[in-house]
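Written out below as structure tokens is the structure these notes cover.
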Amino acid sequence: MTPQNRSTSASDTHLVIAIDGPAGSGKSSVGDLLAKRLRYVHISTGAIYRAIGWKSEQQGIAPNDIPAMQRLIAQTTIEFRRREDGTSAMIVDGDDVSEQLTTNEAGLRASTVAAIPEVRQSFLALQRRLGRNGGVILDGRDIGTVVFPDADVKFYLDASPQERAHRRFLQLQQQGRSADLAQLIADIKQRDHDDSTRTIAPLRQAEDAVYIDSTHLTLPQVVEKMMHTVRQSTEE
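Positions in the sequence shown are counted from 1; adding 1012 to them yields this note's numbering.
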């Protein structure tokens, strides 16, 4: 069987693929490319928390104001739209806010919002509904442990804090933004601590997840490793 045929076979099985890992490990980029290879839909759950964090900040709502946050969530429409290049656009209340959600500040606020049980519970049903028919790749912090504990294939994507900060530094430079590498490293370590120590759905590797350290791997190399695992799962 040729690689192309195996890839098509994986597409036809409509798997639920979970990619978990810490901030900056490349989950979204890997998810986008893997989705293209498999012709799946990629859902970045971290973007959901960024969207709510961003909107709450725009409206001056404190994350710990639970009633106000619950109203905000109930009144917000979120969807993912596939662009012509295969990447996903984040649509909030009808507007593409993808660029606004890429700032380091948006990421830090997302961690704060995601630590609120009521917020996570509100989006749990949404995430499960989006993935219930399969043919999807979901990335986040607790996909394989909480959202889809019975996912067909699970990955835990990791990289050193220094490497993750360096990738973010280069990304910001390409966008014409200034950044301090030392501060980025500190921010990532803080997010790791916050994500792994929160009471509700802390960041951890699912027991049956395939661990991939991407510190010294290119994006295509990571995706090829995942493709190999996906192909194996469809041949069993």
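Virtual Cβ for every residue (Gly too), placed ideally from N, Cα, C.
Host alpha helix (DSSP H) of residue i (start-end)
i	result
R1140	P1129 to G1143
R1153	That residue, R1153, is in no alpha helix (DSSP H); it is neither H nor E in DSSP.
A1047	K1039 to L1050
F1181	P1173 to Q1186
E1219	No alpha helix (DSSP H) contains E1219, which DSSP labels as neither H nor E.
Environment of residue i [buried if 16+ CB atoms lie within 10 Å]
i	result
L1045	buried
P1129	exposed
R1051	exposed
Length of the line joining the Cα atoms of residue i and residue j
i	j	result
D1199	L1120	8 Å
S1208	A1194	21 Å
P1079	P1034	29 Å
V1242	V1053	15 Å
K1039	Q1187	19 Å
R1216	S1123	15 Å
M1013	H1240	Low confidence applies to M1013: its pLDDT is 37, below 50, so where it sits in the model is not reliable enough to give any reading.
R1203	A1086	26 Å
W1075	D1206	Here residue 1075 is Pro; the residue named in the question, Trp, does not match the sequence. Cα to Cα, P1075 sits roughly 15 Å from D1206.
Segment limits, beta strand (DSSP E) that includes residue i
i	result
D1199	Note, D1199: premise wrong, no beta strand (DSSP E); alpha helix (DSSP H) at L1193 to T1209.
L1169	V1165 to D1170
R1083	That residue, R1083, is in no beta strand (DSSP E); its alpha helix (DSSP H) goes I1078 to Q1087.
Whole-number beta carbon distance between residue j and residue i, since they are thought to touch under 8 Å
i	j	result
D1032	D1154	7 Å
I1212	R1132	6 Å
S1100	S1134	The Cβ separation is near 21 Å, so there is no contact.
- request: Inspect the CB distances between the region 1052-1070 and the region 1225-1242 and report whether three or more fall short of 8 Å.
  value: no
message: Quick check: the region 1085-1094 against the region 1102-1122, are at least 3 beta-carbon pairs closer than 8 Å?
response: These segments touch.
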